[in-house]
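Asks: One structure is given below, represented as structure tokens, and several questions about it will come after.
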Amino acid sequence: MRQYLHHNDFGCISRCPTGCCLHLYFGNVALCLKRAEVTDWSAVTARLYERHAAVLPDPATRCITLPGPVACQAFVFNLEEIFMLHDLLKGASLLLEAEALLAGDAIS
Numbered sequence: 033m034r035q036y037l038h039h040n041d042f043g044c045i046s047r048c049p050t051g052c053c054l055h056l057y058f059g060n061v062a063l064c065l066k067r068a069e070v071t072d073w074s075a076v077t078a079r080l081y082e083r084h085a086a087v088l089p090d091p092a093t094r095c096i097t098l099p100g101p102v103a104c105q106a107f108v109f110n111l112e113e114i115f116m117l118h119d120l121l122k123g124a125s126l127l128l129e130a131e132a133l134l135a136g137d138a139i140s
């Protein structure tokens, strides 16, 4: 049974049953991410949203790109989608951080 860390109308992040990674499901994209990648992608999506939120003439236009995990691949989003992706990543990142603090695994 999957343990969902966070979900919204666009997708979810769940813990892999073996504990090796996290599964991100967003629209019709599914990725396996290491814990550090969740935090990294959360920061990247926040910067993308901040950069484009005030300047896009049409927020529904898919013109925001996020590099994919392999060369020559990019994911394309509109403003709402990049916000919702950031919501998933940030929510999961905060829960993982809380788990680490409660387990005493926090890095000083």
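The sequence shown begins at 33 in my numbering and counts up one residue at a time.
Just so it is clear, CB atoms sit at the ideal spot from N, CA and C, and this is done for glycine as well.
(1) Taking C-alpha atoms, which residue in Pro49, Tyr57 and Asn110 lies nearest to proline 89?
(2) Look at the alpha carbon of valine 70 and the alpha carbon of leucine 63, and state the distance between them as a whole number of angstroms.
(3) For valine 76, name the three-state secondary structure that DSSP assigns.
(4) Which class does alanine 92 belong to by DSSP, given the choice of helix, strand or coil?
(5) Go ahead and label leucine 142 buried or exposed: buried means 16 or more other beta carbons lie within 10 angstroms of its beta carbon, across all protein chains shown.
Replies: Short version:
(1) Taking the first residue of the sequence shown as position 1, residue 89 is located at position 57. Nearest option by C-alpha distance: Asn110.
(2) Locating residue 70 in the sequence shown gives position 38, counting from the first residue. Locating residue 63 in the sequence shown gives position 31, counting from the first residue. If I take the Cα positions, the gap works out to 11 Å.
(3) The residue given as residue 76 occupies position 44 in the sequence shown. Three-state DSSP puts valine 76 in a helix.
(4) On the sequence shown, position 60 is the one that residue 92 refers to. Collapsing the DSSP output to three states places alanine 92 in coil.
(5) There is no way to answer for residue 142, as the model of the chain reaches only from 33 to 140.
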